[in-house]
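Numbering (this note's numbering), first residue to last: 1 to 147.
One structure is given below, encoded as structure tokens.
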């Protein structure tokens, strides 16, 4: 069982993105996956959903460090926008810096995970994230948010 809404993956690295796709398949969820290469692009996609009155993502998987911009800025904008803030955002980062972790949670981040250098461990972490957020958690219903 999975929600119909899509998963928005903010990831500039092709190898890491393929690992995400593999984890979703292994998790058995059927949500469409959309990719953004930067935080800016992810914001544009989410704002397009609002403009077009289509469903927002069920989950955003956010890489904090992309070459074109900073995922921190995208997180800040998403969580400060009344219409976007209820979308769960999970960070996957190579950073163990307490400042990054604290900043993200202070902005309303749903979860912060550190990328494992071990592929199998990283894959299992992603699989668990998708099972949890896409099949186990009850999220706000969009039509209720519009009231």
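Ideal Cβ placement from N, Cα and C applies to all residues, glycine included.
- A straight line joining the alpha-carbon of residue 27 with that of residue 77 spans about 30 Å.
- Its chain contains 75, 89 and 91 as the residues whose beta carbon lies nearer than 7 Å to that of residue 109, once the 5 sequence neighbours on both sides are disregarded; these appear in chain order.
- Take residue 20, set aside five residues on each side of it, and the residues of its chain with a beta-carbon closer than 7 Å to its own are 9, 11, 61 and 126, in chain order.
- Per DSSP, reduced to three states, the secondary structure at residue 37 is coil, with no helix or strand assignment.
- The C-beta distance from residue 134 to residue 33 rounds to 11 Å, too long to fall under 8 Å, and the pair is not in contact.
- Beta-carbon to beta-carbon, residue 65 and residue 38 are separated by about 10 Å, too far to satisfy the 8 Å threshold.
- Residue 117 places its beta carbon 8 Å or farther from that of residue 96.
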